[in-house]
Amino acid sequence: MQRTALTLLATGFLATGLAACGDGGSSGGSILPPPQGPTVSFINAPTSVRVGTSTPAFTVQVSVPGGARPTQFLELETFNPSGVRVQREFFSPQQAGCNPGATFCSFSTDFRVALGDPVGVWQFRITAFDQQNRSGSQTLLITAFQ
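Taking numbering that gives the first Met the number 0, the leading residue of the sequence shown gets 0, the next gets one more, and so forth.
See below:
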């Protein structure tokens, strides 16, 4: 019984101390979340394509809390099944149908594997950049078949 009383007393002091910490007054600080970089999402993205054709168009959504960079906002890269980058292009917000400084952008694209290109798993990566040069990317894996 004595141990129980001491435990409750110690718990009471601990709770009182914690209540005084971070109570919104001038004595405590605030916890701020780190700034969030851009995020890229694929909506209804394909998983396969026949060599010599394109996939159906799919939607790409980009959330940019720090505002879209005015130039080189998006980077699109394609890697063949051997992992070699075969395409790299940059796009401004206007080319993607967005405004510079926008915090959200949505556009449609497709993916094409040309005749003569190898079968296997291709990588299609889109990277978005904000005005603070933070980036976020998403990679889509697409299987090319004959």
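Note that beta-carbon positions come from the ideal geometry of N, C-alpha and C, so glycine has one too.
None of the values given here were measured: they were computed from a predicted structure.
Judged by DSSP in its simplified three-state form, residue 95 adopts helix. In this structure residue 126 is buried. Its beta-carbon is surrounded by 16 or more other beta-carbon atoms within 10 angstroms. Counting every other CB atom within 10 Å of its CB across the protein chains shown gives residue 118 a total below 16, marking it as exposed. Residue environment for residue 32: exposed (fewer than 16 other C-beta atoms within 10 angstroms of its C-beta). Within its own chain, the residues whose Cβ lies closer than 7 angstroms to the Cβ of residue 106, once the five positions on either side in sequence are excluded, are 59, 95, 96, listed in chain order.
Taking C-alpha positions only, residue 140 is separated from residue 93 by approximately 27 angstroms. By the neighbour-count definition (other C-beta atoms within 10 Å, threshold 16), residue 114 is an exposed residue. For residue 42, the secondary structure class from DSSP, reduced to helix, strand or coil, is strand.
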